[in-house]
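Chemist:
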Amino acid sequence: MPSPFDGLTAIGVDETSHRKGHTYLTVVVDHERHRVIWAHDGVGGDVFDLFFKALTPEQHASIRVVTGAGARW
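The numbering of the sequence shown is UniProt numbering, which starts it at 1 and goes up by one.
(1) Could you check which residue in Val36, Val43, His22, Phe51 has the C-alpha nearest to that of Glu15?
(2) Could you pull the DSSP bridge partners for Glu15 from this structure?
(3) Just to confirm my understanding: we take Phe52, look at its own chain, exclude 5 residues before and 5 after, and list those with CB closer than 8 angstroms. What are they?
(4) Name the DSSP beta bridge partners of Thr67, please?
(5) Just mark Val36 as buried or exposed, buried being the case when its beta carbon has 16 or more other beta carbons within 10 Å.
This is how it looks when you write it as structure tokens:
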């Protein structure tokens with residue numbers, strides 16, 4: 001089974017709250033396939049770095065566009 005990270009070229013990142021605004025979540029989507037590919041509790045650059053640590057060097061190098069909605073990372 002191929003990795004959801006294979007072939008990524010454009011990703012979007014959103015930091016959102018759930019559970020009545022008390023728990024925060026960082027979500028990464030694949031813009032081309034229109035699906036969530038990664039999510040992790042917490043927000044900020046340290047959490048976003050965890051996403052990039054999950055990628056192989058080839059997967060990381062294939063990403064050309066990153067969008068975000070008001071994130072402070």
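Yeah, the Cβ is synthetic: ideal placement off N, Cα and C, and Gly gets one too. All figures in this text were calculated on a predicted structure; none of them were measured in a lab.
Modeler: Working from what's here:
(1) Translated into positions along the sequence shown, residue 15 becomes position 15. Of the candidates Val36, Val43, His22, Phe51, the one whose C-alpha sits nearest the C-alpha of Glu15 is Val43.
(2) The residue you call residue 15 lines up with position 15 of the sequence shown. In the DSSP output, where bridge partners are listed per residue, Glu15 has Thr26.
(3) Mapped onto the sequence shown, residue 52 falls at position 52. For Phe52, where only same-chain residues beyond five positions count, the Cβ hits under 8 angstroms are His60.
(4) Numbered from its first residue, the sequence shown carries residue 67 at position 67. DSSP lists Gly12 as partners of Thr67.
(5) Numbered from 1 along the sequence shown, position 36 holds the residue referred to as residue 36. By the neighbour-count rule (16 or more Cβ atoms within 10 Å), Val36 is not buried but exposed.
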